[in-house]
Amino acid sequence: MTTTVELSGHDAVSRRAGGTARPAVVMGAGAPTVTSAAALTEPVFERVPAPRAGGEVASWGAESLGESVVPASLTDATITAVAGGRSHSVALTADGEVVAWGDDSEGQTDVPAALAGETVTAVAAGCVHSLALTADGEVVAWGGDNRGQSSVPASLRGRTVTAVAAGGWHSLALTADGEVVAWGDESKGRTEVPQSLHGKTVVAIAAGGLHSLALTSNGTVIGWGYDAHGQSTTPSSLWGQHVTAIAAGGLHSLALGADGTVTAWGCGTYGQVDVPAALAGKKVTAIAAGYYHSVASTSDGTVRAWGNNSDGQTRAPASVRGRRVTAVAAGFYHSLVVLARPTVATWGWSPCQDTELPTSVAGKAVTAVAGGRSHCMMLTSDGRVTVRSDDPAYDVPASLSGKRVTAIAAGWSHALALTDDGEVAAWGYGDNGQIDVPAALTGKKVTAIAGGYFHSLALTADGEVTVWGDDLYAQTEVPSSLAGRTVTAIAAGELHSLAFTADGTVMVWGSNDYEQADAPLS
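Adding 18 to a residue's 1-based position in the sequence shown gives its number in this note's numbering.
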């Protein structure tokens, strides 16, 4: 999401490791990798995807307790996994830090101090509790423990745990030798691991509201616990099929086949087991199950959700559409995704030719780029400019120190920056006056900038254009026909300039050797 978010109200709380925390129990040892699933209360849900390429978090649906209000502290963070509980959410950052937000009535968002300094590799969220798995294989649980769901069993001590899952009131752990350990609420048989799993190697686990699922190494799904809706009984359509991922919801289950198809079974009151026709012919890569809804992402990066939409949990916001989704999760009445950050690539002759520019600098996301003959510019979300060049002439000037930059532009051999107070900074080579910002701009608020070959443009808040630098082709001579008109956008070519007016007119001036100054009428 990128979605810029703000926290408001006492429910929209984010807590990090090292903050106020409820007692946590730590057990196990090892090096994790996999996925897991979680569920909600007397129904619940949720699947925690395996760590993968990181990005931004987006969430939608219920937000009465802040569960879908992503903390502002995550705006620039790189997230690798997310999990949703009844009314809380958990995210895992690329550096192994856990952040939780939403309902904290049972301490489920109070990330324990025991995780401070630890690298976490997987997270899961249940009804009112949370789980984390560390790089050395320890399981940490916190939040509600009225049914023992946060009391990690002693039988895991010294064992290598590779995956965790959180259900409504129970928890699951998968050990390196493929054994499933379950604890918490024993009613409905949800923690009674079936004999049919003995001797089999389990590779993934999922915990639902009142049932549990396991995926074996040969692609078989085995379920146990509450089965009134058939959610624990593997459908015949999966017999002989190779399943690669599973998810458990409140009263339903999902399986992802090796061929990228989704199978859903169990309670279908709200259509949560009716896989949408829109997924036909598409390869699904990840699945998640909420209380009464389901979520899937496809190989082309799109997300689909279906089932109960009482809180908008199946309707992805506009900020998500068109973005590439790399991970999905589902809470009681909300959904979460990880969105891939845009990649910046360069090619051609430059100091960063044929390389991939970083998408973040010092932990801050890159929001704009510009490039000249021998310099590449990057603007990050904190308003700082970074320049990549072997020539010290392009070093960011001291005049920008402490200022927030909102836009950047690059000419052939010069650089421009616009600050949030409307001032223009120019540096690099100025043999043609392209870095000599005109005195006429003093005291005016500039709203846009552009850099040409050896000339520069600025647009002021009152819609006026100012141009300076090389004038060999009259590219700095603003045409009189712009007088009295309000300009809303500007651009610069190699030897010509352009302006777009509020009445929809395009004005072009400067070199016309290739008819570049002949603006088409339509």
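Note that the Cβ used here is the ideal one computed from N, Cα and C, for glycine as well.
(request) Let me know the secondary structure DSSP gives L513 once reduced to three states. (result) In the structure shown, the three-state DSSP call for L513 is coil.
(request) Measure the C-alpha to C-alpha separation of G420 and E441 and round it to an integer number of angstroms. (result) Rounded to whole angstroms, G420 to E441 spans 13 Å at the Cα level.
(message) Short of 6 Å in beta carbon distance, which residues of its chain neighbour S250, apart from the five on each side in sequence? Order them along the chain.
(response) Counting only residues of its own chain and dropping the five nearest sequence neighbours on each side, S250 has a CB closer than 6 Å to the CB of H229, G241, W242, G243.
(request) Tell me where the beta strand (DSSP E) around C394 begins and ends. (result) Following the DSSP letters along the chain, one finds C394 inside the beta strand (DSSP E) bounded by residues 394–398.
(message) To the nearest angstrom, how far is the alpha carbon of G461 from that of E482?
(response) If you draw a straight line from the Cα of G461 to the Cα of E482, it is about 14 Å long.
(message) Rounding to the nearest angstrom, what Cα-Cα distance links E74 and R339 in this structure?
(response) Within the model, the alpha-carbon separation for E74 versus R339 is close to 14 Å.
(message) For a test of the three-state rule: what should DSSP assign to S254, helix, strand or coil?
(response) Reduced to three states, the DSSP call for S254 is helix.
(request) Give the single residue among G114, E533, S271, A468 whose Cα lies nearest to the Cα of A517. (result) Minimum Cα distance to A517 is reached at A468.
(message) Would A265 and A307 be called neighbours here (beta carbons separated by less than 8 Å)?
(response) Yes, they are a contact pair.
(message) Looking at the strands, I want to know which residues DSSP matches up with H270.
(response) DSSP output for H270 lists G284 as bridge partner(s).
(request) Quick one: residues in its chain with C-beta nearer than 6 Å to the C-beta of Y491, no 5 flanking neighbours on either side, listed in chain order? (result) Answer for Y491: L513, G528, S529, listed in chain order.
(message) Out of G102, T98, A95, which one is the CA nearest neighbour of L83?
(response) The shortest Cα separation from L83 among G102, T98, A95 belongs to G102.
(message) Using only CA atoms, which one of T316, L92, W78 lies nearest to D277?
(response) That would be T316, whose Cα lies nearest to the Cα of D277.
(request) State yes or no: is the C-beta of V405 within less than 8 Å of the C-beta of L418? (result) For the 8 Å CB-CB criterion, V405 and L418 do not form a contact.
(request) Please classify K382: does DSSP put it in a helix, a strand, or coil? (result) Correct three-state label for K382: strand.
(message) Going by DSSP in three states, S312 sits in which element: helix, strand or coil?
(response) DSSP places S312 in the strand class (E or B) of the three-state scheme.
(request) State buried or exposed for A535, treating a residue as buried only when at least 16 other CB atoms are found within 10 Å of its CB. (result) Looking at its Cβ environment, which holds 16 or more other Cβ atoms inside 10 Å, A535 is buried.
(request) Might you give, ordered along the chain, the residues of its own chain that have their beta carbon closer than 6 Å to the beta carbon of G79, omitting 5 neighbours on each side? (result) Excluding residues within five positions, the ones whose Cβ falls inside 6 Å are S86, D329, G330, Q331, Y351, H352, S353.
(request) Measure the Cβ-Cβ separation of V221 and T209 and say whether it is below 8 Å. (result) No, the pair does not count as a contact, with Cβ atoms beyond the cut-off.
(request) Could you tell me if V524 is buried or exposed, where buried requires 16 or more neighbouring beta carbons within 10 angstroms of its beta carbon? (result) Within 10 angstroms of the beta-carbon of V524 lie fewer than 16 other beta-carbons, which makes it exposed.
(message) For D163 and C145, I'd like the C-alpha separation in whole angstroms.
(response) D163 and C145: Cα-Cα distance of roughly 11 Å.
(request) Measure the C-alpha to C-alpha separation of V182 and S173 and round it to an integer number of angstroms. (result) When only Cα atoms are considered, V182 and S173 end up about 15 Å apart.
(request) May I have the straight-line CA-CA distance separating T484 from H393, to the nearest angstrom? (result) Distance between the alpha carbons of T484 and H393 is about 24 Å.
(request) Determine the direct distance from the alpha carbon of L436 to that of A416, and round the result to whole angstroms. (result) Going by C-alpha positions, A416 is about 14 Å away from L436.
(message) Just verifying my parser: in three-state terms, what is the DSSP assignment at G389?
(response) In the structure shown, G389 sits in a strand (DSSP, three-state: E or B).
(request) Helix, strand or coil for G207, going by three-state DSSP, please let me know. (result) Here G207 sits in helix by DSSP.
(message) Judging by CA-CA distance, which residue of G275, T303, V496, H311 is the nearest neighbour of G319?
(response) Out of G275, T303, V496, H311, T303 has the C-alpha closest to the C-alpha of G319.
(request) Helix, strand or coil for S169, going by three-state DSSP, please let me know. (result) Coil.
(request) Look at V141 and V170 and say whether their C-beta atoms are less than 8 Å apart. (result) Contact: no.
(message) Could you give the first and the last residue of the continuous beta strand (DSSP E) run that contains A222?
(response) In the DSSP annotation of this structure, the continuous segment of the beta strand (DSSP E) that includes A222 starts and ends at 220–225.
(message) By the DSSP assignment, the beta strand (DSSP E) with E74 in it spans what residues?
(response) Residues 73–79.
(message) Threshold first: 3 residues or longer. Then list the beta strand (DSSP E) segments lying entirely within the region 108–179, N to C.
(response) Here the runs fully enclosed are 116–120, 138–143, 147–152, 157–161.
(request) Closer than 6 Å by C-beta to Q290: which residues in its own chain qualify, once you throw out the five before and the five after it? Chain order, please. (result) If the five residues before and after Q290 are omitted, its C-beta is found closer than 6 Å to the C-beta atoms of H270, Y310, H311, S312, G325, all from its own chain and listed in chain order.
(message) Based on DSSP bridge pairs, tell me the residues matched to T519.
(response) Among the bridge pairs identified by DSSP, T519 is matched with V505.
(request) Determine the burial state of H432: buried for a count of at least 16 other Cβ atoms within 10 Å of its Cβ, exposed for fewer. (result) Classification for H432: buried.
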